[in-house]
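J.: Let me begin by handing over the structure; questions about it come next.
2 protein chains.
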Amino acid sequence: MAKHFDTQALDRYFAAMADPTRRAVLERLTQGPASVSDLHAPHQMALPSFLRHLRVLENGGLIVTEKRGRVRMARIEALPVRAAEDWLATLRRQWEDRLDRLDTLAEALEHDTKGDAQ
Amino acid sequence: MAKHFDTQALDRYFAAMADPTRRAVLERLTQGPASVSDLHAPHQMALPSFLRHLRVLENGGLIVTEKRGRVRMARIEALPVRAAEDWLATLRRQWEDRLDRLDTLAEALEHDTKGDAQ
DNA sequence: CAAACAGTTAGCCACATGGCTAAGCATTTC
DNA sequence: GAAATGCTTAGCCATGTGGCTAACTGTTTG
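Line order of the protein sequences matches chains A and B.
Counting in the UniProt record's numbering, the first sequence runs from 1 upward without gaps.
Counting in the UniProt record's numbering, the second sequence runs from 1 upward without gaps.
Spelled out as structure tokens, the structure:
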């Protein structure tokens, strides 16, 4: 029942997503696989700089790349995105549950006017 | 229709969540507000180091703090978590849509055996 | 096989991050 | 009002991150 989150993986997932260039790459890759050059084209920075962003995405497991001849193709990997989303959802759910319990408590206090809480 | 994501905000949200200490603080705060000392207690690091994690969370807008007397209380802020979650959901959805389109294409090719796509 | 192409590696630099200790400043509390 | 409490600031250090240029490797292509 208890969800198991790999903290190191979450570290890398979230860190990977904490950069506009890398998020843009992910968005681009939702439309299908692309080569390093294709992915690089819309960005101003030098290719080596860009390549390191791809590495961050890759060893965070968010994308997978494969070299064929002199071209390296990249595609998005679904699972890590799910993992990050799940962690956030779990967090939000816990928080909402707590608010629900507070509501319940508030209602209870309204009916039963003993003021011994707080 | 088009969702609007503040990139700088996303940078800070995701960066804030890319650290186990900070995620632990967020999880703790889903159970309700707490003082700096309370939040610090379960963590090994020195208080000043810990305080900086709180600052990262705060100016990423993930938590709100308020000082009353000599105690500073912190509570979680829902919206940024939502924003991050939404961005991930949007990303995943685009990706799934693309896969759906590929499925549709595959079906079409199965029925209509003309191989002029791709 | 020479040239163009697509990545890659190496190395440099500036700044950010994450940890520490030591000392300081308000606010209780005794 | 002195002492304890709860945070805060300042400053140091090591490592990580994000950018660059220059030079190199392996693969097509003319």
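Idealized CB from N, CA, C, for every residue including glycine.
Fair warning: this is a prediction, and the values are worked out from it, not measured in the lab.
Just to confirm the assignment, what range does the beta strand (DSSP E) spanning B/Thr65 have?
T.: Translated into the one-based positions of the second sequence, residue 65 of chain B becomes position 65. Ile63 to Arg68 is the span of the beta strand (DSSP E), which, as asked, contains B/Thr65.
J.: Using 10 angstroms around the beta-carbon of B/Arg22, count the other beta-carbons present and answer buried if the total reaches 16, otherwise exposed.
T.: Reading the second sequence from its first residue, position 22 is the one you call residue 22 of chain B. Its Cβ being crowded by 16 or more others within 10 Å, B/Arg22 is buried.
J.: Taking the alpha-carbon of A/Gly61 as reference, which of A/Lys67, A/Ala84 and A/Ser35 has the nearest alpha-carbon?
T.: Locating residue 61 of chain A in the first sequence gives position 61, counting from the first residue. For the residues A/Lys67, A/Ala84 and A/Ser35, the minimum Cα distance to A/Gly61 belongs to A/Ala84.
J.: According to DSSP, B/Ser35 sits in a beta bridge with which residue or residues?
T.: Locating residue 35 of chain B in the second sequence gives position 35, counting from the first residue. B/Ser35 pairs with B/Met73.
J.: What is the DSSP secondary structure of B/Pro42, counted as helix, strand or coil?
T.: The residue you call residue 42 of chain B lines up with position 42 of the second sequence. If DSSP states are grouped into helix, strand and coil, B/Pro42 belongs with coil.
J.: CA-CA distance, A/Tyr13 and A/Trp87?
T.: Taking the first sequence and counting its residues from 1, one reaches residue 13 of chain A at position 13. Taking the first sequence and counting its residues from 1, one reaches residue 87 of chain A at position 87. Roughly 11 Å separates the two Cα atoms.
J.: Can you tell me the Cα-Cα spacing of B/Arg75 and A/Met73, whole angstroms?
T.: Here residue 75 of chain B refers to the residue found at position 75 when the second sequence is read from its first residue. Here residue 73 of chain A refers to the residue found at position 73 when the first sequence is read from its first residue. Distance between the alpha carbons of B/Arg75 and A/Met73: 44 Å.
J.: Does the region 22-31 of chain B come close enough to the region 48-63 of chain B to have 3 or more Cβ pairs within less than 8 Å?
T.: At 8 Å Cβ cutoff, the stretches touch.
J.: Could you tell me if A/Leu99 is buried or exposed, where buried requires 16 or more neighbouring beta carbons within 10 angstroms of its beta carbon?
T.: Sequence index remark: in the first sequence, residue 99 of chain A carries index 99 (1-based). It is exposed - the Cβ of A/Leu99 has fewer than 16 other Cβ atoms within 10 Å.
J.: Grab the span of the alpha helix (DSSP H) containing B/Asp53 for me, first residue to last.
T.: Locating residue 53 of chain B in the second sequence gives position 53, counting from the first residue. First, the amino acid is wrong: residue 53 of chain B is His here, not Asp. That run of the alpha helix (DSSP H) goes Leu47 to Asn59.
J.: Please tell me whether A/Ile63 has its Cβ less than 8 Å away from any Cβ of chain B.
T.: Taking the first residue of the first sequence as position 1, residue 63 of chain A is located at position 63. By this cut-off, A/Ile63 is not an interface position.
J.: Using CA coordinates, which residue listed in A/Asp11, A/Met45, A/Leu51 and A/Leu79 is at the minimum distance from A/Val36?
T.: Working through the first sequence from its first residue, we reach residue 36 of chain A at position 36. Considering only alpha carbons, the answer is A/Leu51.
J.: Within 10 angstroms of its Cβ, does A/Met17 collect 16 or more other Cβ (buried), or is it exposed?
T.: For the purposes of this step, residue 17 of chain A is taken as the residue at position 17 of the first sequence. Under this definition A/Met17 is a buried residue.
J.: Roughly how many whole angstroms lie between the Cα atoms of B/Arg93 and B/Ala41?
T.: Residue numbering aside, residue 93 of chain B sits at position 93 when the second sequence is read from its first letter. Residue numbering aside, residue 41 of chain B sits at position 41 when the second sequence is read from its first letter. So the alpha carbons of these two residues sit roughly 40 Å apart.
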